[in-house]
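What follows is one structure encoded as structure tokens, with my remarks underneath.
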Amino acid sequence: MPCCCVTGCHNRAEKGHKLYKLPQGHRNETRRKLWIQNIGRKGKLPLNAYVCRAHFTDDQFELKRADHKKLLKWNAVPTIFSHSRTIKRESPSEQKAAVLTRHETSDSPKKATAEESLKTEFIIKTEVEESCKDNSDEVLALKCKLNASLKEIHTLRTTIFQLQAIIEKLVEKNCMDKT
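Numbering (full-length UniProt numbering), first residue to last: 1 to 179.
Below you can see the structure in the form of structure tokens.
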């Protein structure tokens, strides 16, 4: 029986937990990558991997369904996790402060060594790259939401067109007054 693929989560279908399969197919590759990135698993996940309901916020489910089922929206992405994917590191400013403090407390005034400068530069570069990566995750999530909204607009336009056609037929048959 399938179980949740999130690290540290032991929810299984046979224990009554609802599981959702990771997005499949080439059209859902971007969403699948976002799911996998959020899940935080190292290594490749199998195609039949599942995530349980506990990892989705309530706004990621369809509301007010006639059948009262709690279906996942097509653009939902798991966002609730008990594991921490971030490693506590000193910020570049903290690193610089530590380097400066070391030099200020030494007996003879020295300039920062090349090694310390490179280390500080590397830390700053790493922080900037992580910040950009976080921003790209946000952009990817926003793209998913935008695509969902565009799909919903298309569906609504199609429905309006169909309803207009029905109204025109009824008016032609004199079953309905044109208003």
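Yeah, the Cβ is synthetic: ideal placement off N, Cα and C, and Gly gets one too.
>> Restricting to Cα atoms, I'd like to know which of P78, A165, I160, R157 is closest to C144.
In response: Among P78, A165, I160, R157, the Cα nearest to that of C144 is on P78.
>> With DSSP as the reference, identify every bridge partner of C4, one or two as the case may be.
In response: Residue pairing by DSSP places C4 opposite Y50 in a beta bridge.
> Once you ignore the five residues that flank L163 on each side, which residues in its own chain have a CB closer than 8 Å to its CB?
Replying inline: Residues of the same chain with a CB within less than 8 Å of the CB of L163, apart from the 5 flanking positions on each side, do not exist.
> For L22 versus I36, is the C-beta distance shorter than 9 Å?
Replying inline: Between L22 and I36, the CB-CB gap stays under 9 Å.
> Can you give the Cα-Cα distance for R27 and H68, rounded to whole angstroms?
Replying inline: C-alpha separation (whole angstroms): 29 Å.
>> Distance check for D59 and E168, CA to CA, integer angstroms please.
In response: Looking at the two C-alpha atoms, the distance is approximately 38 Å.
>> Is the separation between the beta-carbon of F61 and that of L47 shorter than 9 Å?
In response: No, they are not a contact pair.
> What span of residues does the alpha helix (DSSP H) with K33 cover, start to end?
Replying inline: Membership of K33 in the alpha helix (DSSP H) is indicated by the continuous run 29-39.
> Rounded to a whole number of angstroms, what is the C-alpha to C-alpha distance between G16 and R53?
Replying inline: Approximately 11 Å, taken between the alpha carbons.
>> Between the alpha carbons of V6 and V51, how many angstroms are there, rounded?
In response: Cα to Cα, the separation comes out at about 7 Å.
>> Measuring only the C-alpha atoms, how far is K111 from I80?
In response: Residue placement at K111 is flagged as unreliable, the pLDDT there being 44, under the threshold of 50; the coordinate-derived value follows with that caveat. Straight-line spacing of the CA atoms in K111 and I80 works out to 46 Å.
> Can you tell me the Cα-Cα spacing of A165 and L142, whole angstroms?
Replying inline: Near 35 Å, if we compare the C-alpha coordinates of L142 and A165.
>> Quick check on C175: buried or exposed, where buried means 16 or more other Cβ atoms within 10 Å of its Cβ?
In response: By the 10 Å Cβ count, C175 comes out exposed.
>> Suppose the cutoff is 6 Å on Cβ atoms and the five residues either side in sequence are ignored; what does the same chain contact list for R32 look like?
In response: Counting only Cβ-Cβ distances below 6 Å, and skipping sequence neighbours, we find L22, P23.
>> Here's a check: name, in chain order, each residue in its chain whose Cβ is nearer than 6 Å to the Cβ of C3, leaving out the five neighbours to either side.
In response: Scanning its chain for C-beta atoms nearer than 6 Å, with the 5 sequence neighbours on each side dropped, one finds around C3 the residues R12, in chain order.
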